[in-house]
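Trainee: Residue numbers (the working numbering): 834 to 929.
Idealized CB from N, CA, C, for every residue including glycine.
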């Protein structure tokens, strides 16, 4: 059974995170187009795992905890994020 000591607070201090990464089993992952990002933090707000942090000009993405759910891609108002297949050398863009 998990106890509070097994959890640590996520980047947005609202989400507790397990001490192990979850990104190793996802099928798709988000990729950021820095030319389209205006650092509005919508992705940060909607990401259930708190994978985004605010940068100086654009957000940064920690894929260690990303599940590949695509919520960030669906919510981005500037379409700066796209889903690509995990593990593919010629990462094809998935449908939004």
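Quick one: what's got a C-beta closer than 7 Å to residue 871's C-beta in the same chain, skipping five residues either side?
Mentor: 911
Trainee: Taking C-beta to C-beta, are residue 913 and residue 859 nearer than 7 Å?
Mentor: no
Trainee: Look up residue 889 in the DSSP assignment and say whether it is helix, strand or coil.
Mentor: coil
Trainee: Could you give the first and the last residue of the continuous beta strand (DSSP E) run that contains residue 865?
Mentor: 861-865
Trainee: Can you list, in chain order, the residues of its chain with a C-beta nearer than 7 Å to that of residue 894? Leave out the 5 residues immediately preceding and following it.
Mentor: 863, 865, 884 and 885
Trainee: Do you know how far the Cα of residue 908 is from the Cα of residue 867?
Mentor: Residue 867 and residue 908: Cα-Cα distance of roughly 16 Å.
Trainee: Tell me, please, which residues DSSP counts as bridged to residue 878.
Mentor: Looking at the DSSP assignment, residue 878 forms no beta bridge with any residue, so it has no partner.
Trainee: Give the C-beta separation of residue 876 and residue 892 to the nearest angstrom, bearing in mind that I take them to be a contact with Cβ-Cβ under 8 Å.
Mentor: 6 Å
Trainee: Tell me the DSSP secondary structure of residue 907 in three-state form.
Mentor: helix
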